[in-house]
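Going by the working numbering, 453 is the number at position 335 of the sequence shown; the sequence numbering is gapless.
Glycine residues also receive a C-beta, built at the ideal position from the N, C-alpha and C atoms.
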Amino acid sequence: MSTIADLSKLESDLLGEVSAAGDLVALDGVRVSALGKKGRVSELMSKLGALPPEERKSFGQAVNTVKQKVTEALDARKGILEEAALQARLSTERADITLPVRLGPQGEGRIHPVSQVMDELIEIFADLGFKVAEGPDIETDENNFDKLNIPADHPARQDHDTFYFAPKEGGERMLLRTHTSPVQIRTMMREKPPIRIIAPGRVYRCDSDQTHTPMFHQIEALVIDETTHMGHLKWTLEEMIKAFFEVDEVKMRFRASHFPFTEPSMEIDIGAEAIGKPGKWLEIGGCGMVHPNVLKNCGLDPDKYQGFAFGMGIDRMAMLKYGIPDLRAFFSGDLRWLKHYGFSMLDVPTLGGGLSG
Ligand code: PHE
Numbered sequence: 119m120s121t122i123a124d125l126s127k128l129e130s131d132l133l134g135e136v137s138a139a140g141d142l143v144a145l146d147g148v149r150v151s152a153l154g155k156k157g158r159v160s161e162l163m164s165k166l167g168a169l170p171p172e173e174r175k176s177f178g179q180a181v182n183t184v185k186q187k188v189t190e191a192l193d194a195r196k197g198i199l200e201e202a203a204l205q206a207r208l209s210t211e212r213a214d215i216t217l218p219v220r221l222g223p224q225g226e227g228r229i230h231p232v233s234q235v236m237d238e239l240i241e242i243f244a245d246l247g248f249k250v251a252e253g254p255d256i257e258t259d260e261n262n263f264d265k266l267n268i269p270a271d272h273p274a275r276q277d278h279d280t281f282y283f284a285p286k287e288g289g290e291r292m293l294l295r296t297h298t299s300p301v302q303i304r305t306m307m308r309e310k311p312p313i314r315i316i317a318p319g320r321v322y323r324c325d326s327d328q329t330h331t332p333m334f335h336q337i338e339a340l341v342i343d344e345t346t347h348m349g350h351l352k353w354t355l356e357e358m359i360k361a362f363f364e365v366d367e368v369k370m371r372f373r374a375s376h377f378p379f380t381e382p383s384m385e386i387d388i389g390a391e392a393i394g395k396p397g398k399w400l401e402i403g404g405c406g407m408v409h410p411n412v413l414k415n416c417g418l419d420p421d422k423y424q425g426f427a428f429g430m431g432i433d434r435m436a437m438l439k440y441g442i443p444d445l446r447a448f449f450s451g452d453l454r455w456l457k458h459y460g461f462s463m464l465d466v467p468t469l470g471g472g473l474s475g
């Protein structure tokens with residue numbers, strides 16, 4: 119039978135083994151051989167019962183003390199070895215963050231030029247303090263026309279070759295929005311001025327030829343407060359066009375026009391030298407000061423509030439900026455086209471980094 123002297127030898131043996139363990143696996147071996155079910159300390163515990171009662175207590179306590187010391191030593195050694203293992207990994211597994219990104223399969227995908235241009239425009243307008251507003255593609259007649267000062271018998275309705283849904287019984291007749299202007303209405307019904315939003319999105323017109331597709335994209339802008347005037351409209355457009363085409367100077371021309379929801383109304387042309395066609399003008403959208411009736415229709419007092427709006431064709435702008443000749447190819451889903459004209463997912467447009475990367 120073990121004596122107290124044997125016990126202290128066992129203790130110093132075990133502590134020696136613990137501090138000699140060179141790695142976590144070896145340390146766990148020591149733990150099992152000491153404290154495991156059949157370990158040396160556990161075995162002593164199981165022999166307690168065979169001792170005469172007067173020795174049992176003190177021997178039991180002595181074994182427990184050994185067990186406690188060994189446990190503490192194991193924990194301390196484990197901490198040291200874990201730290202050493204971490205340091206070893208850190209010194210071998212170095213990441214060189216200057217290496218180019220390996221794209222893997224995601225690199226095969228392409229961002230569509232329309233998405234790229236939308237992101238570029240959002241970036242430009244965010245910098246000017248605009249926020250993005252959205253509305254649904256399926257709109258009410260009221261938001262798409264009536265509230266925009268286009269009553270049922272207005273000739274402008276015929277300009278928009280509208281896709282209507284079959285009227286629901288007793289319900290409103292829904293349609294596919296023909297422009298992004300209903301987002302103006304939704305915004306003014308929801309928010310009080312000052313308002314400064316852009317609304318990029320899909321629009322639909324029953325029209326299809328080389329330069330028209332039944333679905334295309336627009337970006338709308340709306341600014342309403344108490345003092346906004348045409349000068350602000352012009353400045354905003356100029357800044358936007360310069361930033362978008364990434365040029366320092368741009369020639370712009372406003373042509374008198376008519377939209378029921380703006381007064382006065384203008385069409386916006388840009389000098390095509392910006393895109394290498396000197397002497398030519400290109401129409402990119404419509405704009406004007408928001409018509410007092412539209413403000414009234416949205417519950418805003420036209421004697422107090424005023425502002426401007428514009429709407430532009432995003433697809434058109436993508437064609438101009440990136441030299442893409444055929445509009446229909448935008449929506450044909452041809453992968454070869456997308457490989458050629460699309461953008462890498464890493465070409466996130468930023469003003470600082472240059473919009474088109
Ligand atoms: N909604 C008009 C269109 O689709 C463009 C526009 C927007 C004109 C805002 C003036 C103000 O043609």
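Q: Using the Cα positions of Val188 and Leu153, report the straight-line distance between them to the nearest angstrom.
A: One C-alpha to the other measures close to 8 Å.
Q) Could you give the distance in angstroms between the alpha-carbon of Lys422 and the alpha-carbon of Pro410? A) The straight-line gap from Cα to Cα measures roughly 10 Å.
Q) Quick one: what does DSSP say Ile386 is sitting in, helix, strand or coil? A) For Ile386, the secondary structure class from DSSP, reduced to helix, strand or coil, is strand.
**Q.** Of the listed residues Asp419, Leu413, Leu453, nearest to Asn267 (C-alpha basis)
**A.** Scanning Asp419, Leu413, Leu453 for the CA closest to the CA of Asn267 turns up Leu413.
Q: For the beta strand (DSSP E) holding Leu162, just list the boundary residues, first then last.
A: In the DSSP assignment, Leu162 falls outside any beta strand (DSSP E) and within the unbroken alpha helix (DSSP H) covering 158-165.
**Q.** CB of Leu294 within 8 Å of CB of Ile313, strictly
**A.** Against a cut-off of 8 Å, the Cβ pair of Ile313 and Leu294 comes out as no contact.
Q. Hey, Asn261 and Arg304 are a contact pair by Cβ (cut 8 Å); roughly how many whole angstroms apart?
A. Contact holds; Cβ gap of about 7 Å.
Q: Enumerate in chain order the residues of its own chain whose CB-to-CB distance from Ile256 is below 8 Å, with the five nearest sequence positions on each side excluded.
A: Result list for Ile256: Phe283, Met292, Leu293, Leu294, Arg295, in chain order.
Q. Is it buried or exposed for Val143, if we count other Cβ within 10 angstroms and need 16 for buried?
A. Of the other Cβ atoms in all chains shown, fewer than 16 fall within 10 Å of the Cβ of Val143; this residue is therefore exposed.
Q) Which value, in whole angstroms, describes the spacing of the CA atoms of Lys310 and Phe263? A) If I take the Cα positions, the gap works out to 21 Å.
Q.
Nearest by alpha-carbon distance to Thr346: which of Gly441, Ala436, Gly425 is it?
A. Of the listed residues, the one whose Cα sits closest to Thr346 is Gly425.
Q | Where Ala202 falls, given that 16 or more other Cβ within 10 Å makes a residue buried | A | So Ala202 counts as exposed.
Q. Nearest-angstrom Cα distance between Arg320 and Lys369?
A. The C-alpha of Lys369 is placed about 28 Å away from the C-alpha of Arg320.
Q) How many angstroms separate the CA atom of Gly472 from the CA atom of Glu364? A) Annotation: Gly472 to Glu364 spans about 8 Å, alpha carbon to alpha carbon.
Q: Within 10 angstroms of the Cβ of His335, are there 16 or more other Cβ atoms? Answer buried if so, exposed if not.
A: Flag for His335 reads buried.
Q | Boundaries of the alpha helix (DSSP H) in which Leu351 is found, first to last residue | A | Where Leu351 is concerned, the enclosing alpha helix (DSSP H) stretches over 348-363.
Q | Boundaries (first-last residue) of the alpha helix (DSSP H) holding Asp193 | A | Run containing Asp193: 171-210, per the alpha helix (DSSP H) assignment.
Q. Are there three or more Cβ pairs, one per stretch, closer than 8 Å when the segment 221-229 is compared with the segment 164-176?
A. No, because fewer than three Cβ pairs between the segment 221-229 and the segment 164-176 fall closer than 8 Å, the two stretches do not touch.
Q | Bounding residues of the alpha helix (DSSP H) (the contiguous stretch that carries Gly134) | A | Run containing Gly134: 122-138, per the alpha helix (DSSP H) assignment.
**Q.** Span separating the alpha-carbon of Asp465 from that of Ser151
**A.** The straight-line gap from Cα to Cα measures roughly 59 Å.
Q. Cα-Cα, which of Ser233, Asp279, Ile240 is closest to Ser326?
A. Out of Ser233, Asp279, Ile240, Asp279 has the C-alpha closest to the C-alpha of Ser326.
Q) Secondary structure at Ala244, three-state DSSP: helix, strand or coil? A) In the structure shown, Ala244 sits in a helix (DSSP, three-state: H, G or I).
**Q.** Gln424 beta carbon near ligand 1 (any heavy atom closer than 7 Å)
**A.** Flag unset: Cβ of Gln424 not near ligand 1.
Q) Should the segment 343-361 be called in touch with the segment 228-237, which here means at least 3 C-beta pairs below 8 Å? A) No: fewer than three Cβ pairs fall under 8 Å.
Q: Out of Arg158, Pro171, Arg195, point me to the one whose CA is closest to Val181's CA.
A: For Val181, the nearest C-alpha among the options comes from Arg158.
Q | Tyr423: first and last residue of the uninterrupted alpha helix (DSSP H) it sits in | A | It is not in any alpha helix (DSSP H) - Tyr423 carries neither H nor E in the DSSP assignment.
Q.
Give me the residue from Ile242, Gly247, Thr331, Gly289 with the minimum Cα distance to Asp259.
A. Among Ile242, Gly247, Thr331, Gly289, the Cα nearest to that of Asp259 belongs to Gly289.
Q) Which class does Phe379 belong to by DSSP, given the choice of helix, strand or coil? A) Coil at Phe379, not helix or strand.
Q.
To test your reading of the DSSP string, which unbroken beta strand (DSSP E) runs of 3 or more residues are found completely within the segment 215-264?
A. Those beta strand (DSSP E) runs which fall completely within the segment 215-264 and span 3+ residues are 256-258.
**Q.** Pair within 8 Å by beta-carbon distance, Thr468 and Glu241
**A.** Yes; because the gap between Cβ atoms is below 8 Å, this pair is in contact.
Q) Between Glu200, Met435, Pro378, Lys395, which lies nearest to Ile386 when the distance is taken from Cα to Cα? A) Looking at the Cα atoms, Met435 is the closest of the given residues.
Q) In or out: Gly404 buried (at least 16 other Cβ within 10 Å) or exposed? A) Buried.
Q: With DSSP as the reference, please indicate the residues paired to Arg371 in a beta bridge.
A: DSSP, once it has assigned bridges, lists Asp387 as partnering Arg371.
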